[in-house]
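Each number in our numbering comes from the position in the sequence shown (counting from 1) with 1171 added on.
Ideal Cβ positions, reconstructed from N, Cα and C, are used throughout, including at glycine.
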Amino acid sequence: MRRLIPALVLSFLILPLLSPPVGAAPFTAGNVVVYRVGTGSGTLSNAATEVFLDEYTTSGTLVQSIAMPTSVSGSHRRLTASGTATSEGQLNLSADGQYLTLTGYDADVGTAGIASTASATVNRVVGVVDWNGNVNTTTALSDAYDANNIRSAVSTNGTDIWTAGTGSGSSPGVRYTTLGSTTSTQLSTDVTNIRTVKIFDGQLFASMQSGSFRAATVGTGLPTSSGQTITNLPGYPTSGTSNYSFAMFDLNGSVGFFGTDMDTMYVAIDGASGGVFKWTFDGTNWVADGSVALADVRGLTGVASGSSVTLYVTTAGASNTLRTITDTSGYDSTMTGSFTTLATASANTAFRGVAFVPVPEPASLALSGSVLVMAAAGWVIRRRRQKLVASHAVEETAS
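Rendered as structure tokens:
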């Protein structure tokens, strides 16, 4: 019971700040969520565009769409995105499984060339969404990703937040901030053009295509101060690949990388000859273990069951889809499986990132009117949540 108290306190701190969108319903455990731009009413452009979170069952049935705010309400900011910058729109599940994090701009729909705007006047926004579909957009950064894209955000608990993107001056790279903040800390200058940030087993990771960096650790553990070292994963390519989202899993209890239990990694590689590429940590290096081809893969998340891993991916380009694949080969074996299409973006819209839905803390309390209701279902969900991996990404400067 003692270890539940901090979680309860944190829930009470965050819940009053969350703004429920009209019509939003609680997520259904086990479903996936896709970051979507566009309403379908007009051709997508580099102007600020409406953002939605589309919840799908794992068989591809649309459950609901949650709109991000397009007007300011108290301390809650707008969250819009470029309609054509496929580098934007990463969607991550927090390390505790309770929140989704996404990014965008505090700008009116239709603001031209949104990614090239000054962050001091058009703040870069982090959205935090809980399992009940409540949205918090109070984190609006004035010092991050100036004149370029904010692409990704990940959190441990809905309060501590790490972001990724690129920009001018001292504004780009991997940065740390907290819920409701207006400023952030640049963690490293080793590489500053970042596509996505991830947390696996208490370690911060990032993907990029910059210099000799492709997939890397950021400091040790979960750093919050400047001066951190970004290190490419040992054995992983330092050139040639165009990395976007990735997910790590523990499929071998006797092997783990960099103080974590992670030993198997799946990486989304974009381009016409892209696909999902599997890598295994052998105790010293990451070793290639095959791939399954699919053009323009950008978003990726997954869940492990025994030695099998089921992945969900999103693709960009002409074939803008949500797909799934299951690799049954296990640790240190060549990737198997084939992709099944679950959903296709409608005309004048685009899919970006994908993640599993958040779930409530086992003993968290949810407000129902003025009555506190115990979220007992969380006791069952907790074990499932421990195996879920937050994912997806996208990059490059806005089109």
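Status (buried if at least 16 other CB within 10 Å, exposed otherwise) for L1471: For this step, residue 1471 is matched to residue 300 along the sequence shown. Burial of L1471 is indicated by the presence of at least 16 other C-beta atoms within 10 angstroms of its C-beta.
Nearest-angstrom Cα separation, counted from S1517 out to T1232: Counting from one through the sequence shown, the residue named residue 1232 turns up at place 61. Counting from one through the sequence shown, the residue named residue 1517 turns up at place 346. Whole-angstrom Cα-Cα distance: 14 Å.
Local Cβ density within 10 Å of V1243, reported as buried at 16 or more and exposed below that: On the sequence shown, position 72 is the one that residue 1243 refers to. When all chains shown are included, V1243 counts as exposed.
Near the ligand PLP: D1361 beta-carbon under 7 Å from a heavy atom: Among the ligands in the structure shown, none appear at all, so the ligand PLP cannot be discussed.
A1195 in three-state terms, based on DSSP: In the sequence shown, residue 1195 corresponds to position 24, counting from 1. Coil, per DSSP.
Within 8 Å, strictly: CB atoms of V1480 and A1200: As a first step, residue 1480 must be located in the sequence shown, where it is residue number 309. As a first step, residue 1200 must be located in the sequence shown, where it is residue number 29. Result no, Cβ atoms of V1480 and A1200 do not sit closer than 8 Å.
Through-space distance from P1197 to L1184, alpha-carbon basis: The count along the sequence shown starts at 1 and reaches residue 1184 at position 13. The count along the sequence shown starts at 1 and reaches residue 1197 at position 26. With a pLDDT of only 48 at L1184, under the threshold of 50, the placement of this residue in the model should not be trusted; the figure read from the coordinates follows. Spanning the two alpha carbons is a distance of roughly 19 Å.
CA-to-CA distance, R1295 to Y1276, given in whole angstroms: Locating residue 1276 in the sequence shown gives position 105, counting from the first residue. Locating residue 1295 in the sequence shown gives position 124, counting from the first residue. C-alpha separation (whole angstroms): 5 Å.
Cutoff 8 Å: Q1261 Cβ touching any chain C Cβ: Absent from the structure is chain C; it holds one protein chain and no more.
Proximal residues to G1138 (C-beta, below 7 Å), its chain only, five neighbours per side dropped: In this structure the chain extends from 1172 to 1570, so residue 1138 is not present and cannot be described.
Three-state secondary structure assigned by DSSP to S1326: Walking along the sequence shown from the start, residue 1326 turns up at place 155. In the structure shown, S1326 sits in a strand (DSSP, three-state: E or B).
Within 8 Å, strictly: CB atoms of A1311 and R1248: Within the sequence shown, residue 1311 is the residue found at index 140, counting from 1. Within the sequence shown, residue 1248 is the residue found at index 77, counting from 1. Yes, they are a contact pair.
Helix, strand or coil at S1287 [DSSP, three-state]: Taking the first residue of the sequence shown as 1, we reach residue 1287 at position 116. Of the three classes helix, strand and coil, the one that applies to S1287 here is helix, per DSSP.
Buried or exposed (CB count within 10 angstroms, at least 16 for buried), V1542: For the purposes of this step, residue 1542 is taken as residue 371 along the sequence shown, with counting starting at 1. For V1542, the pLDDT reaches just 30, beneath the cut-off of 50, and the residue's location in the model is therefore unreliable, although a value from the coordinates is still provided. Counting Cβ neighbours within 10 Å, V1542 comes out exposed, since fewer than 16 surround it.
Nearest-angstrom Cα separation, counted from L1215 out to N1519: Locating residue 1519 in the sequence shown gives position 348, where the first residue counts as 1. Locating residue 1215 in the sequence shown gives position 44, where the first residue counts as 1. Between the C-alpha atoms of N1519 and L1215 there is a straight-line separation of about 6 Å.
Whole-angstrom distance between T1251 and K1558, CA atom to CA atom: The residue labelled residue 1558 in the question sits at position 387 within the sequence shown. The residue labelled residue 1251 in the question sits at position 80 within the sequence shown. Residue placement at K1558 is flagged as unreliable, the pLDDT there being 46, under the threshold of 50; the coordinate-derived value follows with that caveat. Approximately 31 Å between the Cα atoms of the pair.
Beta-carbon proximity of Y1415 to R1469, cut-off 8 Å: Counting from one through the sequence shown, the residue named residue 1415 turns up at place 244. Counting from one through the sequence shown, the residue named residue 1469 turns up at place 298. Result yes, Cβ atoms of Y1415 and R1469 sit closer than 8 Å.
Where S1539 sits in the DSSP three-state scheme: Along the sequence shown, read from residue 1 onward, the residue named residue 1539 stands at position 368. Here S1539 scores only 32 on pLDDT, less than 50, and its place in the model should not be relied on; the value that follows carries that caveat. S1539 falls in the strand class under three-state DSSP.
Supposed close pair V1525, V1203 - CB separation, criterion 8 Å: By one-based count along the sequence shown, residue 1525 stands at place 354. By one-based count along the sequence shown, residue 1203 stands at place 32. Indeed, because the Cβ distance is near 6 Å, the residues count as touching under 8 Å.
Given T1495 as reference, the closest of A1266, A1377, G1446 and G1461 once Cα atoms are compared: Locating residue 1495 in the sequence shown gives position 324, where the first residue counts as 1. The option with the nearest alpha carbon to T1495 is G1446.
DSSP-derived helix/strand/coil call for L1224: Start at 1 with the first residue of the sequence shown, and residue 1224 comes out as number 53. Three-state result, L1224: strand.
For E1221 and M1239, the rounded distance between their alpha carbons: If you number the sequence shown from 1, residue 1239 lands on position 68. If you number the sequence shown from 1, residue 1221 lands on position 50. Distance from the CA of M1239 to the CA of E1221, rounded to the nearest whole angstrom, comes to 7 Å.
V1325 burial status per 10 Å Cβ neighbour count (16 or more: buried): Here the question's residue 1325 lines up with position 154 in the sequence shown. Per the 10 Å Cβ criterion, buried.
Reduced DSSP secondary structure (H/G/I, E/B, other) of W1457: As a position in the sequence shown, residue 1457 is number 286, starting the count at 1. Strand, per DSSP.
Other residues of its chain near S1396: CB distance less than 7 Å, five sequence neighbours each side excluded: Position 225 of the sequence shown, counted from the first residue, corresponds to residue 1396. Leaving aside the five residues that flank S1396 on each side, the residues in its chain whose CB is nearer than 7 Å to its CB run, in chain order, T1356.
Cβ neighbours of L1465 in the same chain (closer than 6 Å, five flanking residues each side left out): By one-based count along the sequence shown, residue 1465 stands at place 294. Answer for L1465: G1446 and F1510, listed in chain order.
Three-state secondary structure (DSSP) of A1443: Residue 1443 sits at position 272 when you count from the first residue of the sequence shown. It is coil, neither helix nor strand.
Three-state secondary structure (DSSP) of R1248: The sequence position of residue 1248 within the sequence shown is 77, counting from 1. In this structure, R1248 counts as coil in the three-state DSSP scheme.
Coil, strand or helix - V1368 by DSSP: The residue given as residue 1368 occupies position 197 in the sequence shown. V1368: strand per DSSP, three-state reduction.
C-beta contact flag for S1341 and I1401 at 8 Å: On the sequence shown, residue 1341 is found 170 positions in, with the first residue counted as 1. On the sequence shown, residue 1401 is found 230 positions in, with the first residue counted as 1. Annotated as distal: S1341 and I1401, with beta-carbon spacing of 8 Å or more.
Residue from V1345, N1491, D1434 and L1513 whose Cα sits closest to the Cα of S1504: In the sequence shown, the residue the question calls residue 1504 occupies position 333. Checking every option, the nearest Cα to that of S1504 belongs to D1434.
Cβ shell of T1451 (< 6 Å), same chain only, five flanking positions each side left out: Position 280 of the sequence shown, counting from 1, holds the residue named residue 1451. Result list for T1451: T1435, V1458, D1460 and D1503, in chain order.
Host beta strand (DSSP E) of G1470 (start-end): Your numbering for residue 1470 matches position 299 in the sequence shown. That run of the beta strand (DSSP E) goes V1468 to S1476.
A1266 versus N1328: straight-line alpha-carbon distance, rounded: As a working mapping, residue 1266 is identified with position 95 in the sequence shown. As a working mapping, residue 1328 is identified with position 157 in the sequence shown. For A1266 and N1328, the gap between their C-alpha atoms comes out near 7 Å.
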